[in-house]
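Just add 29 to the spot in the sequence shown (first one is 1) and you have the working numbering. C-beta atoms are modelled at their ideal positions from N, C-alpha and C, and glycine is treated no differently.
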Amino acid sequence: MDELAEQMQNRFAGFFPALLGMTLVSATKDRVVAELAVRDDLCTVPGILHGGAIMAFADTLGGIATMLNIAPNARTTTIESKTNFFAPGIAGTTVTAECLPVNRGRRTMTWQTSIRNAERRLLAQVTQTQFVDTAAT
């Protein structure tokens, strides 16, 4: 884990990303990578990673990526998200997500997150747009 990823990991301790169990691997303004262990409590029956868990994983990464690209006093929130599912995440495995910028504007940013299994098979792709509130204090 690089230093910026560790700072962000510590920042969300005690919040939803920690409950989800995600671990940041690396974080820069241009790329955020994280892992998620596919636990039974994140799955549907029989042992398939729930689509909502995948979406929450990707949403968190897009939020982190946006936070790394805005002023310290600005805030962000997701205003649109679209997910395409391609293959299942299997209980007992670890999936990896890579979040990359599509557009980084002053008021909105769009990110694309690819979630893959250990064999690098694409499980899902999420495209999301974040609103940037520069008036926040």
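(message) Can you check which of these residues, G81, G43, V54 and T52, is closest to A153 by C-alpha distance?
(response) In terms of CA proximity to A153, G81 leads the group G81, G43, V54 and T52.
(request) Determine the direct distance from the alpha carbon of P75 to that of R68, and round the result to whole angstroms. (result) The alpha-carbon atoms of R68 and P75 are separated by roughly 12 Å.
(request) Drop a sphere of 10 angstroms on the beta-carbon of Q36, count the other beta-carbons inside from all chains shown, and report buried for 16 or more, exposed for fewer. (result) With fewer than 16 other Cβ atoms within 10 Å, it is exposed.
(message) Considering only DSSP beta bridges, list what T107 is partnered with.
(response) Assignment of beta-bridge partners to T107 by DSSP yields Q159.
(message) Going by the DSSP bridge assignment, what does V124 pair with across the sheet?
(response) The partner list for V124 (beta bridge, DSSP) reads L65.
(message) Do V155 and A103 have their beta-carbon atoms positioned less than 8 Å apart in this structure?
(response) Not in contact: A103 and V155 (Cβ atoms no closer than 8 Å).
(request) Give a yes or no on contact between the stretch 114-130 and the stretch 143-151, applying the rule of three or more CB pairs nearer than 8 Å. (result) Contact annotation: the stretch 114-130 touches the stretch 143-151, with at least three C-beta pairs closer than 8 Å.
(message) Taking 6 Å as the limit between beta carbons, can you name the residues of its chain near T89, skipping five residues before and five after?
(response) The beta carbon of T89 sits closer than 6 Å to those of P46, all from its chain and outside the five residues before and after it, given in chain order.
(message) Checking 8 Å against the spacing of the C-beta atoms, do A63 and T73 come in under that value?
(response) The answer is no: Cβ separation not under 8 Å.
(request) Take the Cβ of V61 as the centre, count every other Cβ of all protein chains shown within 10 Å, and call the residue buried at 16 or more, exposed below. (result) With 16 or more other Cβ atoms within 10 Å, it is buried.
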